[in-house]
Amino acid sequence: MRKTLIASAIGAAITLSACSKPAEEATTTAAVEQTQTATPAAEQGAVSNPLLAKSTLQYEAPAFDQIKVEHYQPALEEGIKQQMAEILTIAGNTEPATFDNTIVAMEKSGELLNRASRVFYNMTGTISNPTIQQIQSEMAPKLAAHSDNINLNPQLFARVKSLYDTRATLGLDAEATRLVEDYYERFVRAGANLTEEQKTKIRALNEEQSTLTNNYQQNLMAMKDQIAVYVDTKEELAGLSEAEITAAAEGAKAKGKEGKFIIEITNTTRQPALASLENRELRKKIWEASANRGTSGETDNQPIVARLAQLRAERAALLGYNNWATYQLEPTMAKTPKAVMDMFASMVPAVIENTKKEAEAIQAMIKETGSDFELQPWDWEFYAEKVRKAKYDLDEAQVREYFEFERVLTDGMFYTMNKLFGITMKERPDLPVYHPDVKAYEVFDGDGSSIALFYADYFARDGKRGGAWMSSFVAQNKLLNQKPVVVNVMNIPKGPAGEPTLVSYDNVTTMFHEFGHAVHGLFSDVTYPTLAGTAVSRDFVEFPSTFQEDWAAHPDVIGNYAKHYKTGEAIPAELLAKIMKSRSFNQGFDTLEYMSAALLDMEWHALPADAPLQDVQKFEAEALKKHGVDLIAVPPRYKSTYFAHVFSGGYSASYYAYMWSEILAADAYAHVQNQGGLKLENGINFRKNILSIGNSKDPMEAYKAFRGQEPTTDALLIRRGLKTGIN
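Numbering (mature numbering (1 follows the signal peptide of the UniProt record, and there is no 0)), first residue to last: -23 to -1, 1 to 704.
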């Protein structure tokens, strides 16, 4: 999924500890007693557990060559102890609250917990195994309780509130003032104003939520192997390329099924193989494996979904909100669920009309090719591809031959970032990585100075959850003099041994998207960790990343990287023109499947606290019908039982953010093209006013500083081919 993600069960804890204070500076009684009673073990642990001490590698990059699975839990638990001691010192300070002794002190707290959490929770998504999953299960409630112990501490909140109430008289600069406001809002939204009885209830709900979200995600990991489709003969795979068939055979062999072929199920309802496979029964089998996952057996996520929606509503009610969606959207750009629903309602008619026209063309193609069945979800992409070929004379297999992974990365993505922002990337094979497929790069600014480290983890493998995301091992901030260490993660199928990896154009744009998140972290230039990088509202965080997507199709860029993997010849102008003309193809389907998922998310989280547990499949059907998006052939991009964004990934009542951010991104990209396109001046403007400021400024004010005005939806409708004037 195109986003920054750490398991929501520990999200609050990581946010709180995204700022650190050296453990040796802790002076509370608890800390002293701990040191006195545990010195020998602590000294021994510091030697044997590399997470207990700050990394000596450049920019505090994790020492992956030394970190072992058994190091994580002791470091996390010790980190909780250390930060709690620091927090108690801050809360118990008898001196009047000041910005430095309260807010800055909290920003500096939790060095160990922050370090260990960032490494561990990145690993849970990239190299997971039963031991890591067990640690997740044990730590989820502990971290939830730790977060509550901070947010619900009345003495600590009293100090924060006193600063918030007098912030206009403290002589603070704009960033420091925003930080005070952020802390106050965070405490209030966590329940700091509740009665003790209510705090007890909210603690219980938080603990249950952390456990359920962890269970949901682990079920998704467990069912990945369970739902994979095995095929007995090569003939059944007609339509796939030889390289894809070879990879399927190698994948099955690696799973102990030599002689068979594996079709692994990705994290969305639609599956890549459905666009190519000629065997309709196999397509149906693959689609059903995807769409019906998480609905039975030990990995049945339906009870978890129903209870998560209910307990979130209960939590919102305790905090004084009508529902979880109202609570979630209050601090965002959208502000209210009505604003989100109005956005979608304004688009539904045009999207449905476009989608029905696409369906008619596909149904006609089904008949034209000699069949008479009614279009089903497992038919859409296969016959849509035929329509695409007929309309644009475009062969997807031929297109892939011009998108070799390494060229896309270096001559496409890195090239664009150099032209737009002036940065260069230098591979650093000397830095340890957590898997052989991962590469580390040092990032150099236009003046030659080193500014960050970037880790690239692009290929699918066992133990990695589906989707795509960006995260950080170290977040930039001036307070602690830390520079960013950022990672991009994807699930691109790796080419067979000895052969290059050819990627789809969808994966090309996803690479650009995720690096858009990366530069949001790499270019961060703020003082305080809490406000750094991508720590912005959900409906703003996808803006910089979506903005970067369109550069993949910019003539100068695509002409530089789209070269035949065998001959090195540039993509023919005729083929490139076809690709560009086909970009708006199937946008009705793409938009509708996204909107359906986003509306499901909003409906789940519009439930009131007194609503009973829902029948998941019945709820989905009724929600889609309510909004007029219940087209049988176009199911939601995610159904509830595998909608990781909202049930385990922190995007609850926030999946709309991709569309909201796309409005900003399309408007911004169109503006940049009007200002000369791919040139450094435009990149500097975007970097200065959007990428570098983190959450130190109101997002709409930041956008207006970049653009000169608020965005309109015109560019979005053109971008998606839903407005006349597009090819």
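Just so you know, even glycine gets a beta-carbon here, dropped at the ideal spot from N, CA and C. Given the structure is predicted, the values throughout are model-derived calculations rather than measurements.
### Query
Among residues of its own chain, excluding the 5 on either side of LEU479, which ones have a beta-carbon nearer than 8 Å to its beta-carbon?
Contacts found: ALA220, ARG377, GLU378, PHE380, GLU381, PHE382, GLY472 and TYR542.
### Task
Check the DSSP bridge columns for SER427 and list the partner residues they point to.
For SER427, which the question treats as bridged, DSSP gives the partners PHE421.
### Query
Taking the alpha-carbon positions, what's the MET467 to PHE489 distance?
Approximately 11 Å between the Cα atoms of the pair.
### Query
For THR71, is the classification buried or exposed, using 16 other Cβ atoms within 10 angstroms of its Cβ as the cut-off for buried?
With fewer than 16 other beta carbons inside 10 angstroms of its own, THR71 counts as exposed.
### Alpha carbon of ARG136 to alpha carbon of ALA512, nearest angstrom
Straight-line spacing of the CA atoms in ARG136 and ALA512 works out to 24 Å.
### Task
Please go through the region 624 to 699 and give each complete alpha helix (DSSP H) segment of 4 or more residues, from N-terminal end onward.
Considered as a whole, the region 624 to 699 harbours 634 to 651, 657 to 663, 676 to 684 and 691 to 696 as its complete alpha helix (DSSP H) runs of no fewer than 4 residues, in chain order.
### Message
Going by C-alpha to C-alpha distance, which of GLU265, GLY228, ARG260 and GLN186 sits closest to ILE204?
### Response
Looking at GLU265, GLY228, ARG260 and GLN186, the one whose alpha-carbon comes closest to that of ILE204 is GLU265.
#### Entry: In chain order, each alpha helix (DSSP H) run of at least 4 residues that lies wholly inside the region 157 to 207
With a minimum length of 4 residues, the continuous alpha helix (DSSP H) runs that stay inside the region 157 to 207 are 173 to 203.
### Rounded C-alpha distance that separates ALA293 from ALA327
Cα-Cα distance, rounded: 34 Å.
### N- and C-terminal bounds of the beta strand (DSSP E) containing LYS403
Here the beta strand (DSSP E) through LYS403 covers 401 to 404.
### Message
For VAL9, count the other beta carbons within 10 Å of its own beta carbon; 16 or more makes it buried, fewer makes it exposed. Which is it?
### Response
Confidence in VAL9 is poor, its pLDDT being 27 and thus under 50, which makes the residue's placement unreliable; the coordinate value appears in the next sentence. The residue is exposed, with fewer than 16 neighbouring Cβ atoms inside 10 Å.
### Query
Under the three-state reduction of DSSP, which class applies to GLN447: helix, strand or coil?
Looking at the sequence provided, one finds Met at residue 447 rather than Gln. MET447: strand per DSSP, three-state reduction.
### Message
Which of the three DSSP states is assigned to LEU552 in this structure?
### Response
LEU552: helix per DSSP, three-state reduction.
### Message
Please return the same chain residues whose Cβ sits closer than 6 Å to the Cβ of GLY102, not counting the five positions on each side in sequence.
### Response
Around GLY102: ARG442.
### Query
Can you name the start and end residues of the beta strand (DSSP E) that MET100 belongs to?
MET100: not part of any beta strand (DSSP E); member of the alpha helix (DSSP H) spanning 88 to 103, first to last residue.
### Query
With C-beta atoms as the reference, is ALA252 less than 8 Å away from GLU173?
Against a cut-off of 8 Å, the Cβ pair of GLU173 and ALA252 comes out as no contact.
### Message
Only counting the same chain, and skipping five residues up and downstream in sequence, which positions put a Cβ closer than 7 Å to that of ILE179?
### Response
Around ILE179: GLY168, LEU171, ARG292 and LEU295.
### Spatially closest choice to GLY347 from PRO308, TYR360, LYS665 and ALA336, by CA coordinates
For the set PRO308, TYR360, LYS665 and ALA336, the Cα lying nearest the Cα of GLY347 is the one of TYR360.
### CA-to-CA distance, SER323 to LYS315, given in whole angstroms
One C-alpha to the other measures close to 12 Å.
#### Entry: Beta-carbon proximity list for THR79, same chain, < 7 Å, skipping 5 on both sides
Only ILE67, ARG136, VAL137 and LEU140 meet the Cβ criterion.
### Message
Tell me the rounded alpha-carbon separation between GLN43 and PRO521.
### Response
Distance between the alpha carbons of GLN43 and PRO521: 35 Å.
### Cβ-based neighbour list, GLY216, same chain, cut-off 7 Å, excluding 5 preceding and 5 following
Within the same chain, GLY216 has close Cβ partners SER253, LEU254 and GLU255.
### Task
May I ask you to report which of helix, strand or coil DSSP gives PHE520?
In this structure, DSSP gives PHE520 a helical state, which the three-state scheme calls helix.
### Message
Helix, strand or coil for GLN353? Go by DSSP, reduced to three states.
### Response
If DSSP states are grouped into helix, strand and coil, GLN353 belongs with coil.
### Euclidean distance between Cα positions of LEU182 and ARG95
Rounded to the nearest angstrom, the two C-alpha atoms are 24 Å apart.
### Task
Please name the residue, chosen from GLU55, GLU54, VAL46 and LEU149, that lies closest to ASP77 on a Cα-to-Cα basis.
Nearest C-alpha to ASP77 among GLU55, GLU54, VAL46 and LEU149: LEU149.
### Query
Thinking just about the alpha-carbon of each residue, which of LYS85, TYR207 and GLU185 is nearest to the one in residue 738?
The chain is shown from -23 up to 704; residue 738 falls before or after that span and cannot be answered.
### Query
Given a threshold of 16 other Cβ atoms within 10 Å of its Cβ, counted over all protein chains shown, does GLN375 qualify as buried or as exposed?
Classification for GLN375: exposed.
### Nearest neighbour of GLY87, chosen from ASN269, ASP424, GLY498 and GLU63 [CA to CA]
That would be GLU63, whose Cα lies nearest to the Cα of GLY87.
### Query
For the alpha helix (DSSP H) that contains ILE64, what are its first and last residues?
46 to 68 is the extent of the alpha helix (DSSP H) around ILE64.
### Supposed contact pair TYR418 and TYR538 - C-beta distance, whole angstroms, cut 8 Å
About 17 Å separates the two Cβ atoms, so there is no contact after all.
### Query
Which residue comes first and which comes last in the beta strand (DSSP E) that contains MET390?
MET390 -> no beta strand (DSSP E), and no H or E assigned at all.
### Task
Label PHE683 either buried or exposed according to how many other C-beta atoms from any shown protein chain fall within 10 Å of its C-beta, with 16 as the threshold for buried.
Taking all protein chains in view, the Cβ of PHE683 is crowded by 16 or more other Cβ atoms within 10 Å, so the residue is classified as buried.
#### Entry: Nearest to GLU358 (by Cα), restricted to the options THR246, TYR193 and THR210
Taking GLU358 as reference, the option from THR246, TYR193 and THR210 with the minimal CA-CA separation is THR246.
### Task
Return the first residue and the last residue of the alpha helix (DSSP H) that VAL462 is part of.
Going by DSSP, VAL462 is part of no alpha helix (DSSP H) but of the beta strand (DSSP E) stretching over 462 to 469.
### Task
Let me know the secondary structure DSSP gives ASN454 once reduced to three states.
ASN454: strand per DSSP, three-state reduction.
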